[in-house]
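Visitor:
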Amino acid sequence: MGSYPPSSGFSTHSPEILPPEGKDDAAQQEELRAVRERLPGQRSQAGPRSWAYAPATYLLVGINCLVYLGMVFSHVSFANPTVEDLVRWGANNSTAVLYYGEWWRVVTAMFVHVGILHLATNMWCLWNLGLLGEPLIGPFGVFAAYLLSGAAGNLLSVGWNALRHHDSVGAGASGAVFGIAGVLIVLLKSPRLPIPPKELSGLRRYVIYFAAINFVIGFGSMAVGSIVRIDNMAHLGGFLGGIIFALPLVPMLGSPKRLFLVRRRLAVGLLSAVLVFFGFYLSSVFPGSAWPIR
């Protein structure tokens, strides 16, 4: 959901984290300070930012909001959409994916929300984690992590529901948000980040608290039979997808930008391959095993 001069043990190469080509040392210092000062729920002390500071985060929030407005303007309830409305707008469903072959739902579902409160909570989390993650892995990295980890969560949800013969409908960005949290938990552990260790630990602790609290809420609601149904498998799948995405990036933190970009492409390719193989696995294990809902 930010250079300090490298201390002893840090690479003396210009870190890949930022800046885009052409930025000078002062700009790099400013960006790294923005990472250091960015805590969940807080505004950067460095002052207002331009749109270009975190374009992927703003774009993802904008797409989610536009989809929601499109639903409302097409006479879908702003607070309590029906199951039929959600399915029509691209929500996830094991029957639709496995029986009818509508695999595109594992992507579209992460932009569909069940009412204004669902949208607001997910976008608040996405905003804070995205602004923290974008200086570390860049706009393309955040956009790719959102899409791929969100798809991982939705695929795991499809498999889990098919295994249990549940025909529930799932929607929301939370799986993708958990994916970005997974990326941050891995990357913020790296001692090569040019951020003071104490402050780095604080940033990572905030992200861990976010993930832990939301996992507890999700599984707790299932244990007590809450009327609010939370797709825990989507959260878990997104989180694991984010960790897989981040693993190839860790050795390159603090390295020249060119090497980092190679590793980022490797991260995208690795998680994409995992999703493709898992999708083939689901289609072979559950060929038409779900029952039609239409």
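The sequence shown maps to residues 20 to 313 in this note's numbering. Beta carbons are placed, not taken as given, at the ideal position from N, Cα and C, and that holds for glycine.
Pick from N99, L117, N147 and F258: whose alpha carbon is nearest that of S302?
Guide: Ranking the options by Cα distance to S302, first place goes to L117.
Visitor: Per DSSP, what kind of secondary structure is N112 in: helix, strand or coil?
Guide: The answer is strand: DSSP assigns N112 an E or B state.
Visitor: Within 8 Å, do at least three Cβ pairs link the stretch 97 to 105 to the stretch 141 to 153?
Guide: No, the stretch 141 to 153 does not touch the stretch 97 to 105.
Visitor: Considering only the beta carbon of each residue, do V188 and N112 sit closer than 8 Å?
Guide: Contact flag set, yes.
Visitor: Could you tell me which whole beta strand (DSSP E) segments of length 3 or greater appear in the stretch 72 to 156?
Guide: For the stretch 72 to 156, not a single whole beta strand (DSSP E) run of length 3 or above is found.
Visitor: Roughly how many angstroms separate the alpha carbons of P306 and G134, rounded to a whole number?
Guide: If I take the Cα positions, the gap works out to 33 Å.
Visitor: Between which residues of its own chain and A286 is the CB-CB distance below 6 Å, once the five residues before and five after are set aside?
Guide: So the list reads F264, P267 and L268, once near-sequence residues are dropped.
Visitor: If I follow the unbroken alpha helix (DSSP H) through A265, where does it start and stop?
Guide: Looking at the DSSP string, the run of the alpha helix (DSSP H) that includes A265 is N251 to A265.
Visitor: Can you check whether the CB of A190 is closer than 8 Å to the CB of V131?
Guide: Cβ atoms of V131 and A190: closer than 8 Å.
Visitor: Per DSSP, what are the beta-bridge partners of G189 in this structure?
Guide: For G189, which the question treats as bridged, DSSP gives the partners N111.
Visitor: Can you tell me whether F305 is helix, strand or coil according to DSSP?
Guide: If DSSP states are grouped into helix, strand and coil, F305 belongs with coil.
Visitor: Is Q47 buried or exposed, if buried means 16 or more other CB atoms sit within 10 Å of its CB?
Guide: Bear in mind that the predicted position of Q47 carries a pLDDT of just 48, short of 50, making it too unreliable to give a figure here.
Visitor: Would you call the stretch 218 to 232 in contact with the stretch 157 to 169, where contact means no fewer than 3 C-beta pairs closer than 8 Å?
Guide: In short, these stretches do not touch, since the Cβ pair count stays below three.
Visitor: Are the stretch 174 to 182 and the stretch 289 to 301 touching by the rule of at least three beta carbon pairs closer than 8 Å?
Guide: The stretch 174 to 182, when compared against the stretch 289 to 301, does touch it at the 8 Å Cβ threshold.
Visitor: If you draw a straight line from the C-alpha of A181 to the C-alpha of A115, how long is it?
Guide: Distance between the alpha carbons of A181 and A115: 11 Å.
Visitor: Return the Cβ separation of T127 and G152 in integer angstroms, given the expectation that the two are a contact with Cβ distance under 8 Å.
Guide: Not quite, the Cβ-Cβ distance comes to about 23 Å (not below 8 Å), so this is no contact.
Visitor: What does the Cβ neighbour count give for G81, buried or exposed, with the cut at 16 atoms within 10 Å?
Guide: When all chains shown are included, G81 counts as exposed.
Visitor: Taking its Cβ as the centre, do 16 or more other Cβ atoms sit within 10 Å of R124, making it buried, or is it exposed?
Guide: By the 10 Å Cβ count, R124 comes out buried.
Visitor: Given the structure, does T127 come close to the ligand FMN, in the sense that its CB is under 7 Å from one of the ligand's heavy atoms?
Guide: Looking for the ligand FMN in the displayed structure turns up nothing, as the structure carries no ligands at all.
Visitor: My guess is that G201 and H254 are in contact by the Cβ rule of under 8 Å, so how many angstroms apart are they, rounded?
Guide: 10 Å between Cβ atoms; not a contact.
Visitor: Rounded to whole angstroms, how far is the Cβ of F197 from the Cβ of F258, which I believe are closer than 8 Å?
Guide: With 8 Å as the limit, F197 and F258 qualify as a contact, their Cβ atoms being about 4 Å apart.
Visitor: Which word fits L85, buried or exposed, when buried means at least 16 other C-beta atoms lie within 10 angstroms of its C-beta?
Guide: So L85 ends up on the exposed side.
Visitor: Taking a contact to mean a Cβ-Cβ separation below 8 Å, would you say G260 touches L290 in this structure?
Guide: Their beta carbons are under 8 Å apart, which means G260 touches L290 by this criterion.
Visitor: Would you identify the three-state DSSP class for S168, choosing helix, strand or coil?
Guide: Three-state DSSP puts S168 in a helix.
Visitor: If we count the other Cβ atoms within 10 Å of its Cβ and call it buried at 16 or more, is A73 buried or exposed?
Guide: By the neighbour-count rule (16 or more Cβ atoms within 10 Å), A73 is buried.
Visitor: Thinking C-alpha only, which one of L138, F279, S93 and A192 is nearest L206?
Guide: Checked all of L138, F279, S93 and A192; the closest Cα to L206 is F279.
Visitor: Using the Cβ count rule (16 or more neighbours within 10 Å means buried), how would you classify V326?
Guide: Lying before the first or after the last residue shown, residue 326 is absent from the chain, which here runs from 20 to 313.
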